[in-house]
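Participant: Before I ask anything, here is the structure I am working with.
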Amino acid sequence: MQTKRKHAGFTLLEVLVALSVFAIITLLAYRGLDSMATAKLRLDQEMHMWRELELVFERIGLDITQTAPRSWKDSTAGTEAPLRSAVQASTSESGTQCQLDVLRFGTSADHELVHVRYLLKEGQLTLEIIPENAQAAAVQINSGTQGQNLLLTNVERCELNFLDGSNKWLARWPASNLADPTRPRGMRLRLTLAGRGEFERLYYLP
């Protein structure tokens with residue numbers, strides 16, 4: 001008599017072992033992908049921070065190197081220097097407030113003057129473009145460009161220093177209350193970002 005051989009399937013134990021191995025491989029693959037996604041997110045955040053910080057430094061440098069050799073009027077009709085800093089004591093956790101006003105030449109063909117103000121308040125560094133006359137103010141309102149533009153957040157401290165003609169660093173500019181139409185030979189800007197440390201940029205003003 002000839003006996004027929006039956007083809008046996010997987011046993012329950014073999015199926016459980018195979019499922020366990022597949023689950024372990026899937027878990028390892030998920031953890032690897034999750035680690036890669038987390039690392040990419042952190043890298044994107046770092047790149048964004050460095051890009052925003054570099055843009056701020058470049059924008060400030062562009063403004064101060066285009067400083068116009070003339071004074072401007074403040075809200076009380078007082079005469080101010082074309083490059084002026086203001087430091088005020090702050091009781092908030094953001095540390096010292098910092099303000100820099102610059103009267104600079106515009107980018108238009110007629111070299112229209114533009115008044116820009118950098119202000120650090122409550123941990124936020126902002127840029128405000130202030131019109132020099134009523135007509136410019138009306139254009140700004142109609143175009144919807146009035147107000148402050150947020151540049152950086154989580155700024156703990158801002159420090160400005162100015163190099164005068166005798167190569168001496170000053171904490172404010174102008175040194176006196178007079179609206180000196182001249183500008184410093186150089187400016188040093190230090191920004192301290194929360195959890196990032198201190199960053200410094202030196203500007204030469206020809």
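With the first letter of the sequence shown counted as 1, position 36 gets the number 36 in UniProt numbering; the numbers rise by one all the way through.
Glycine residues also receive a C-beta, built at the ideal position from the N, C-alpha and C atoms.
All of these numbers come straight from a predicted model, not from anything done at the bench.
Given a cut-off of 8 angstroms on the beta-carbon distance, is the pair Leu103 and Arg70 in contact?
Facilitator: Walking along the sequence shown from the start, residue 103 turns up at place 103. Walking along the sequence shown from the start, residue 70 turns up at place 70. It is a contact, given that the beta carbons lie within the stated cut-off.
Participant: When the Cα atoms are used, what is the spatial distance from Val15 to Ile24?
Facilitator: Taking the first residue of the sequence shown as 1, we reach residue 15 at position 15. Taking the first residue of the sequence shown as 1, we reach residue 24 at position 24. Looking at the two C-alpha atoms, the distance is approximately 14 angstroms.
Participant: With 16 as the cutoff for other CB atoms within 10 Å, does Phe162 come out buried or exposed?
Facilitator: Indexing the sequence shown from 1 puts residue 162 at position 162. Buried is the call here.
Participant: Can you give the Cα-Cα distance for Arg31 and Ser20, rounded to whole angstroms?
Facilitator: On the sequence shown, position 31 is the one that residue 31 refers to. On the sequence shown, position 20 is the one that residue 20 refers to. Roughly 17 angstroms between the two C-alpha positions.
Participant: What do you reckon, are the CB atoms on Arg188 and Leu205 nearer than 8 angstroms?
Facilitator: Here residue 188 refers to the residue found at position 188 of the sequence shown. Here residue 205 refers to the residue found at position 205 of the sequence shown. Using a Cβ distance threshold of 8 angstroms, Arg188 and Leu205 do not count as a contacting pair.
Participant: For a test of the three-state rule: what should DSSP assign to Ser20, helix, strand or coil?
Facilitator: Here residue 20 refers to the residue found at position 20 when the sequence shown is read from its first residue. Helix at Ser20.
Participant: Is it the case that the Cβ atoms of Gln148 and Leu127 are separated by a distance below 8 angstroms?
Facilitator: In the sequence shown, counting from the first residue as 1, residue 148 sits at position 148. In the sequence shown, counting from the first residue as 1, residue 127 sits at position 127. Yes, they are a contact pair.
Participant: To the nearest angstrom, report how far apart Phe10 and Ala18 are at their CA atoms.
Facilitator: Against the sequence shown, residue 10 aligns to sequence position 10. Against the sequence shown, residue 18 aligns to sequence position 18. Rounded to the nearest angstrom, the two C-alpha atoms are 10 angstroms apart.
Participant: What would DSSP say about Leu150, mapped onto helix, strand or coil?
Facilitator: Here residue 150 corresponds to residue number 150 of the sequence shown, with the count starting at 1. In the structure shown, Leu150 sits in a strand (DSSP, three-state: E or B).
Participant: Of the residues Asp101, Ile64, Asp63, which one's Cα is nearest the Cα of Glu80?
Facilitator: Counting from one through the sequence shown, the residue named residue 80 turns up at place 80. Of the residues Asp101, Ile64, Asp63, the one whose Cα lies closest to the Cα of Glu80 is Asp101.
Participant: Distance, Cα to Cα, Ser166 vs Ile64?
Facilitator: Numbered from 1 along the sequence shown, position 166 holds the residue referred to as residue 166. Numbered from 1 along the sequence shown, position 64 holds the residue referred to as residue 64. If I take the Cα positions, the gap works out to 20 angstroms.
Participant: Under 7 angstroms Cβ to Cβ from Leu151, same chain only, skipping five residues before and after it: list those, please.
Facilitator: As a position in the sequence shown, residue 151 is number 151, starting the count at 1. Here the set comprises Val56, Leu125, Thr126, Leu127.
Participant: Can you tell me which residues form a DSSP beta bridge with Tyr204?
Facilitator: Stepping through the sequence shown from its first residue, residue 204 is reached at position 204. Answer is Gly186.
Participant: Note down the Cα distance separating residue 207 from Arg117, rounded to an integer number of angstroms.
Facilitator: An answer regarding residue 207 cannot be provided, because it is not within the stretch 1 to 206 covered by the chain.
Participant: Might you give, ordered along the chain, the residues of its own chain that have their beta carbon closer than 6 angstroms to the beta carbon of Ala137, omitting 5 neighbours on each side?
Facilitator: Stepping through the sequence shown from its first residue, residue 137 is reached at position 137. With a pLDDT of 42 at Ala137, under the threshold of 50, the predicted position of this residue should be treated as unreliable, and no value is reported.
Participant: By how many angstroms is the C-alpha of Pro82 removed from the C-alpha of Trp72?
Facilitator: One-based indexing of the sequence shown puts residue 72 at position 72. One-based indexing of the sequence shown puts residue 82 at position 82. Answer to the nearest angstrom: the Cα atoms are 6 angstroms apart.
Participant: In chain order, what residues of the same chain have a beta carbon less than 6 angstroms from the beta carbon of Glu200, not counting five sequence neighbours either side?
Facilitator: Within the sequence shown, the letter at position 200 stands for residue 200. Only Arg190 meet the Cβ criterion.
Participant: Have a look at His115, Tyr203, Arg196 and flag the residue whose alpha-carbon is nearest the alpha-carbon of Gln45.
Facilitator: For the purposes of this step, residue 45 is taken as residue 45 along the sequence shown, with counting starting at 1. Looking at the Cα atoms, Arg196 is the closest of the given residues.
Participant: Give the secondary structure of Thr11 by DSSP, where H, G and I count as helix, E and B as strand, and everything else as coil.
Facilitator: If you number the sequence shown from 1, residue 11 lands on position 11. Taken through DSSP and simplified to helix, strand or coil, Thr11 comes out as coil.
Participant: Tell me, which residues are paired with Glu128 by DSSP?
Facilitator: Stepping through the sequence shown from its first residue, residue 128 is reached at position 128. Its beta-bridge partners are Arg117, Gln148.
Participant: Provide the residue(s) that pair with Gly197 in DSSP beta bridges, ordered along the chain.
Facilitator: As a position in the sequence shown, residue 197 is number 197, starting the count at 1. Answer is Leu193, bridged to Gly197.
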